[in-house]
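In mature numbering (1 follows the signal peptide of the UniProt record, and there is no 0), the protein residues as written are -22 to -1, 1 to 235.
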């Protein structure tokens, strides 16, 4: 009888521990920034776009208008290597674009670049304040027209402050280099609980690349926690650069195995 009770107690503690890990874990999608949470050791987080979309409308010096639509199924895999360290493997996925200029349309499809990164949590010894650093390499392995052409190496930091159970703020700083050209991005974000399992976020994106004009964007979205391990999301965004119109949107699903 005592042996049975011990076995039951150990099993119960295992379940509680697993649920606790799942409850403390947070997904990085959607949004441009990233969270400070680390994937538990032995777990795998799969974050999948269903898909992501981008639309751009521009006018050249001669007054001819161009419209571009791109769809891609971006994917990110995250797994814990240690209590405060995780490995990330990403792929911009299969993609399709359509360009319409002066009544003529051109369509193409291909595969995007892959990425690899290491994310480490920094212990700030504060219950409300957390921090993480992400080192990442985006490798230009995609098809022509769907690749960054040159590898991109970046170092990013994210600092998050939990005001309450209903409100969280964070800022992500990203420093990157591509073919000896540097760029810096700043992404302040606010996350808020709406009702029950539904929450939302809003972000402002600032980016300055070497020898390029400053870029600004706004983004917002919703996340629905199906359970402790699964999340559905939807997001929209708009670029605020010059006279060209540029919009982004996405649907996604994330699951912790």
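Even for Gly, the Cβ is constructed at its ideal location relative to N, Cα and C.
Residue i by DSSP, collapsed to three states: which one?
i	result
residue 106	coil
residue 242	This structure leaves residue 242 out entirely; the chain is present only between -22 and 235.
residue 43	strand
residue 56	strand
residue 185	strand
residue -6	Low confidence applies to residue -6: its pLDDT is 36, below 50, so where it sits in the model is not reliable enough to give any reading.
residue 36	strand
residue 141	coil
residue 223	strand
residue 190	coil
residue 175	coil
residue 16	coil
residue 62	coil
Do you know offhand how far residue i's Cα is from residue j's?
i	j	result
residue 31	residue 106	35 Å
residue 28	residue 219	26 Å
residue 192	residue 19	40 Å
residue -18	residue 99	Low confidence applies to residue -18: its pLDDT is 38, below 50, so where it sits in the model is not reliable, and the reading given next is rough at best. Each residue's Cα considered, the two are about 38 Å apart.
residue 22	residue 234	6 Å
residue 240	residue 169	Residue 240 cannot be examined here, being either before or after the span of the chain that is shown, -22 to 235.
residue 86	residue 121	11 Å
residue 77	residue 52	21 Å
Flag residue i as yes if its beta-carbon sits less than 7 Å from any beta-carbon of chain B, otherwise no.
i	result
residue 147	Within the model displayed, chain B is absent; a lone protein chain is all it includes.
Taking the CB atoms as reference points, tell me whether residue i and residue j lie closer together than 7 Å.
i	j	result
residue 177	residue 152	no
residue 16	residue 64	yes
residue 183	residue 165	yes
residue 80	residue 42	yes
Report the CB separation of residue i from residue j in whole angstroms; it is logged as a contact under 8 Å.
i	j	result
residue 74	residue 49	5 Å
residue 12	residue 150	6 Å
residue 10	residue 181	6 Å
Legend entry - the segment 135 to 142 / the segment 119 to 127 touching (three or more Cβ pairs under 8 Å): no
Inset, instruction - Report yes or no: do three or more beta-carbon pairs, one from the segment 94 to 105 and one from the segment 142 to 161, lie closer than 8 Å? - result: no
Inset, instruction - Decide yes or no for the touch test of the segment 56 to 73 against the segment 32 to 43: beta carbon pairs closer than 8 Å, at least 3 of them. - result: With a cut-off of 8 Å, the segment 32 to 43 and the segment 56 to 73 do not count as touching, because too few Cβ pairs lie within range.
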